[in-house]
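Reviewing the structure listed below.
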Amino acid sequence: MSGRRAARRTALFLLYQWDLTRQPVASLYEGEVDPFARELAEAVIERAEVLDGEITESATDWTADRLGALERNILRIGAHELSTDDVPVEVAINEAVELAKRYASDDAARLVNGILGKIAREKAV
4 MSGRRAARRT ALFLLYQWDL TRQPVASLYE GEVDPFAREL AEAVIERAEV LDGEITESAT
64 DWTADRLGAL ERNILRIGAH ELSTDDVPVE VAINEAVELA KRYASDDAAR LVNGILGKIA
124 REKAV
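Letter by letter, the sequence shown follows residues 4 to 128 in this note's numbering.
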């Protein structure tokens, strides 16, 4: 697993724990965490409300709070990465889809792909 892919997985686990407990990120792990994973998780938490709004606007008949915690946080990671210039659009979407396939389901992967694709198209306009 590539360094960034592993870091996204770690960020997902941190975000999942945060979503359930609302504890500060630093209290959710012991020892060293990949700096990219920590920064990604902290950035997503800081922007969670905005990201949830983007997800809700792009999801047909769904709101971010109705999604499972894993799916919601995978979408948050993807939506956040779509809003930065650090990650190409295709990579941001693909990485989120791969997280969904691995930790959620094929249906979740299709949902993630569709929602992030719509967010990306809206940002391109």
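Where is the CB? At the ideal position from N, CA and C, for every residue including glycine. All values reported here derive from a predicted model rather than from experimental measurement.
Counting only runs that start and end inside the region 13 to 85, the alpha helix (DSSP H) elements of at least 4 residues fall at 38 to 49, 51 to 61 and 72 to 85. Excluding five sequence positions before and after Ala-95, the CB atoms of its chain that fall closer than 6 Å to its own CB belong to Gly-81, Glu-84 and Leu-85, given in chain order.
Sorting Leu-102, Asp-88 and Pro-91 by C-alpha distance to the C-alpha of Ala-72 places Leu-102 at the top. It is roughly 12 Å from the alpha-carbon of Ala-10 to the alpha-carbon of Glu-35. For Val-90, there is no enclosing alpha helix (DSSP H), as DSSP gives it neither H nor E.
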